[in-house]
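One point on numbering: in our numbering, the residue at position 86 of the sequence shown is 285, and numbering is uninterrupted.
Report on the following structure.
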Amino acid sequence: MACALIASAPGAQAQRPAGWGVYKGDWFEVGVPPGFQVSGPVSKPPGDTVHLGSKEGVVFSVFSPLWNGTAPFASPRTGEVVTEKDRTYDKATEVSVENLTIKAGDNSYVRFVSIRIDAKHNTNLTWGVQVPNMDVYAKIRPTYVKWKQTLTQFSD
C-alpha cells in the first residue's frame, strides 16, 4: 500500500486546518495535527527533517532539504524488512517516485516511505508514516493525507 506524495510548490503558503500547530524547519514548515508533537531525532544539521509522534504510536516524518540529500528514515533499519517496493519515473519531468513498505521484524509496526527525486531541479522530498498496525493506519490515513498538504517549502 503506497503513499502518495502531496506538497505545495516551493514558496507557496499551504493551508493548515484550524487547531493545528506548525513546525518550522530551515527550508520548510509543516502543520502539527492535534495529538502530535515533535518526537525522535531532529536532523543534523537541524532543519531538513522532522518526526511527529502521537500517543497511539503513529509517527509522521518529512525530509525537505533545500536541495538534494537522503532522508535519514528512508532506508530499512536493523531488524526491518522491505515488503513492497515500486518506482515510477516521468521522463518528461525527470521526476522519480519510489514507494516502500517496511515492516519491523517482530511485526510491531509498519512504515510507508515515499521518496520523490526531481533530477532536473536537483531536489528531494521524502514522506514517511509509521503505524503499529493497518487498523491504526486506516484510522489515521485521512489525517496523514491532510498533514502532507500543509507542507510549505522555501527556496533560496
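A virtual CB, placed ideally from N, CA and C, is assigned to each residue, including glycine.
Beta-carbon proximity list for residue i, same chain, < 6 Å, skipping 5 on both sides
i, result
"G278", "G304"
"G234", "S253"
"Y308", "Q329, P331"
"T349", "A213, R215, V229, G230"
"E293", "A318, K319"
"Y336", "V330"
"M333", "none"
"D225", "G246"
"F259", "L251, V328, W346"
"I316", "S295, N323"
8 Å CB neighbourhood of residue i in its chain, flanking five on each side removed
i, result
"V231", "W219, G220, V221, Y222, V237, L251"
Residue environment, residue i, which counts as buried when at least 16 other CB atoms sit within 10 Å
i, result
"W266", "exposed"
"A273", "buried"
"G210", "Here the model assigns G210 a pLDDT of 44, short of 50, so the residue's position is not dependable, and the following value carries that caveat. G210 comes out exposed."
"A270", "buried"
"K290", "exposed"
"A217", "exposed"
"N323", "buried"
"P341", "exposed"
Best match in the options for proximity to residue i [C-alpha to C-alpha]
i, options, result
"S354", "E297, P271, N321", "N321"
"S356", "L350, D289, Y343", "This structure leaves residue 356 out entirely; the chain is present only between 200 and 355."
"V312", "Q214, G256, T325, Y288", "T325"
"T287", "A217, F227, W346, I314", "I314"
"E283", "K290, K302, P271, D289", "K302"
"G327", "V261, V249, T248, E255", "V261"
"R310", "A217, A270, P341, P275", "P275"
"N306", "V281, V296, S295, I316", "V281"
One or two residues paired with residue i in a DSSP bridge
i, result
"F311", "T300, V328"
"T322", "D317"
"E352", "For clarity, residue 352 is Gln in the given sequence; the question names Glu instead. Q352 pairs with F227."
Residues near residue i in its chain [Cβ-Cβ closer than 7 Å; skip 5 each side]
i, result
"I339", "V257, V330"
"F227", "S263, L350, T351, Q352, F353"
Any non-hydrogen atom of the ligand GTP closer than 7 Å to residue i Cβ
i, result
"N267", "The ligand content of the structure shown is nil, which means the ligand GTP is not present either."
Open item on the list: Could you tell me which whole beta strand (DSSP E) segments of length 3 or greater appear in the segment 214-297?
Closed with: 220-223, 227-231, 235-237, 248-253, 258-262, 279-289
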